[in-house]
Amino acid sequence: MDAVRDVKPGPGELFTEERSAEVVCASLAAAPEARVRQVLESLVRHLHGFVKDVELTEREWQQAIAFLTDTGHKCDDTRQEFILLSDVLGVSMLVETINHRAAGQATESTVTGPFHVVDSPPRELGADISLPGTGEPCLVTGRVTGPAGEPVPGAVVDVWHADAEGFYDVQRPDPAAVGSLRGLFTADDEGRFWFRTVVPRYYPIPVDGPVGRLLEAMARHPYRPAHIHFIVKAPGYAALTTHLFVDDSPYLDSDAVFGVKQSLVRAFPAVDDPDRARALGLANPFRSVDFEISLQPADGAGAGAGDGGAPGTTSTRT
Ligand code: BEZ
Ligand code: FE
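Just so you know, this note's numbering puts the end of the sequence shown at 607, numbered straight through with nothing missing.
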């Protein structure tokens, strides 16, 4: 109990250092929506608590405003610096995790990131999505199941990842690269999917803006460990946004955006089998990985169930 803070402000109570949050929160009393009041009250209490905790100087306040202004100026149709800021502060992952709590055996979720495109090319099962001759060949197989282990035939598996040098297609100047390393697959009658690609490499998040300067000030590196992105959708199930992480990648324990969950890390063992490689249409030797994806029922997930990710936390390109 805090005697000073528990007393509701009387009508016309003036602002003081001691009761700043109470006075500002009282000004929200007429907001008609209960959720708006709840969120803003909590925000005001935490913000005032933070300013008092560190005794913020005027110079620091001005620097913070300038930083946020720069962050806004860095945003355009394809660059969302505020989301990047939320990513490196762990807020995107926290919102994602709260809104997509995985029950039982369900596959855990993680962030979408800025390199998803909504019009990814539809692909046949087994398609090669790499640019030919550009990295270590890799076979990705998997199966989409529901909570009781039942197969989910027809599940749509949206895949995208960086290449062997750590670049997404949209970061390459070469127009021929666009659409590579991504695709929409439809699972077969047993919920299975498979495709050919190359093993992705770790890569840095964009650091040519205010978030890059912030990382420098924190003495933090900008790298994400190697991963393949997935969004899996099927009628009756909650959409899942997740990654498959490569277990021998650097930065698994220091992801710049805190996206790693241990349950999503898999070995990509090397396969040296010329006959199998020939049958698959891959160079020998190749790497291989299997990713079982377990969906939750549409009504069994958090607030974002069925929408393919928490709205507003990512900058999915349109
Ligand atoms: C990504 O994995 O593509 C990503 C996620 C967050 C920030 C930058 C990139
Ligand atoms: Fe990524």
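Backbone N, C-alpha and C define an ideal beta-carbon position, used for all residues, glycine too.
Note that the structure is a prediction, hence the values are computed from the model and not measured.
> Going by Cα to Cα distance, which pick from K341, V433 and Q460 is closest to F482?
Replying inline: Relative to the Cα of F482, the nearest Cα in the group K341, V433 and Q460 belongs to V433.
>> Tell me the DSSP secondary structure of D359 in three-state form.
In response: In the structure shown, D359 sits in a helix (DSSP, three-state: H, G or I).
>> Measuring only from the beta carbon, is A451 closer than 8 Å to any heavy atom that is part of the ligand FE?
In response: Using a cutoff of 8 Å, the CB of A451 counts as near the ligand FE, since one of the ligand's heavy atoms is closer than that.
> Cα separation between S469 and Y540?
Replying inline: Roughly 25 Å separates the two Cα atoms.
>> Does the stretch 534-550 come into contact with the stretch 508-515, if we say contact requires no fewer than three beta-carbon pairs (one atom in each stretch) closer than 8 Å?
In response: Contact holds: three or more Cβ-Cβ distances are below 8 Å.
>> Using 9 Å as the threshold, is the C-beta distance between D447 and R471 below it?
In response: In contact: D447 and R471 (Cβ atoms closer than 9 Å).
>> Out of P495, V487, P464 and Q585, which one is the CA nearest neighbour of L374?
In response: Residue P495 is the option with its Cα nearest to L374.
>> Quick check: is any heavy atom of the ligand FE less than 8 Å from the C-beta of R513?
In response: Checking every heavy atom of the ligand FE against the Cβ of R513, one is found closer than 8 Å.
>> Quick check: what's the CA-CA separation for L357 versus V340?
In response: For the pair L357 and V340, the Cα-to-Cα distance works out to about 16 Å.
>> Buried or exposed, going by whether 16 or more other CB atoms sit within 10 Å of the CB of I582?
In response: So I582 counts as buried.
> From I387, F404, D452 and E302, pick the residue whose C-alpha is nearest to that of S419; which is it?
Replying inline: Looking at I387, F404, D452 and E302, the one whose alpha-carbon comes closest to that of S419 is D452.
> With which residues is P493 paired in a DSSP beta bridge?
Replying inline: Note: P493 sits in a beta bridge opposite Y512.
> From S316 to Q351, what distance separates their C-alpha atoms?
Replying inline: Distance between the alpha carbons of S316 and Q351 is about 25 Å.
>> Using 8 Å for Cβ pairs, my map puts L504 next to V377. What's the rounded Cβ distance?
In response: Right, their Cβ atoms sit about 6 Å apart.
> In chain order, what residues of the same chain lie with their CB nearer than 6 Å to the CB of A559, ignoring the 5 residues before and after it?
Replying inline: Cβ neighbours of A559 within its own chain (closer than 6 Å, five residues either side excluded): P574 and R576.
> Any heavy atom of the ligand FE closer than 8 Å to the CB of G402?
Replying inline: Yes, Cβ of G402 sits closer than 8 Å to a heavy atom of the ligand FE.
> Can S485 and G570 be called in contact, C-beta distance under 9 Å?
Replying inline: At residue 485 the sequence reads Arg, which differs from the Ser that was named. Yes. Within cutoff.
> Which same chain residues, not among the five before or five after V578, have their C-beta less than 6 Å away from its C-beta?
Replying inline: Once the five neighbours on either side are set aside, the close Cβ partners of V578 are V429, R555 and F557.
>> Which of the three DSSP states is assigned to L303 in this structure?
In response: Coil, per DSSP.
> So what's P436 in DSSP terms, helix, strand or just coil?
Replying inline: Of the three classes helix, strand and coil, the one that applies to P436 here is coil, per DSSP.
>> Give me the residue from A320, R565, V487 and A319 with the minimum Cα distance to T423.
In response: From the listed residues A320, R565, V487 and A319, the smallest Cα separation to T423 is found for V487.
> Of all the alpha helix (DSSP H) runs that stay within the bounds of the stretch 303-374, which reach a length of 4 or more residues?
Replying inline: As far as the stretch 303-374 is concerned, its whole alpha helix (DSSP H) runs of at least 4 residues are 309-315, 323-343 and 347-362.
> CB of L473 to nearest heavy atom of the ligand BEZ: below 8 Å?
Replying inline: Not under cutoff, so the answer is no.
> Buried or exposed: which applies to D588, given that a residue is buried once 16 or more other Cβ atoms fall within 10 Å of its Cβ?
Replying inline: When all chains shown are included, D588 counts as exposed.
> Considering only the beta carbon of each residue, do P442 and D478 sit closer than 9 Å?
Replying inline: Their beta carbons are under 9 Å apart, which means P442 touches D478 by this criterion.
> Quick one: what's Y526 bridged to in DSSP?
Replying inline: Y526 is bridged by DSSP to P586.
> Assuming G525 and P586 make a contact with CB atoms under 8 Å, what is their CB distance in whole Å?
Replying inline: That pair is a contact at about 7 Å.
>> Let me make sure I understand the geometry here. Which of G480, A395 and F404 has the alpha-carbon closest to that of L414?
In response: The candidate whose alpha carbon is nearest that of L414 is G480.
>> As a quick exercise: from L345, L332 and Y492, pick the residue whose alpha carbon is nearest that of F534.
In response: Selected option, being the one with the closest Cα: Y492.
> Can the beta-carbon of G286 be found closer than 9 Å to that of G402?
Replying inline: Shown here, the chain extends from 290 to 607; a query on residue 286 therefore has no answer.
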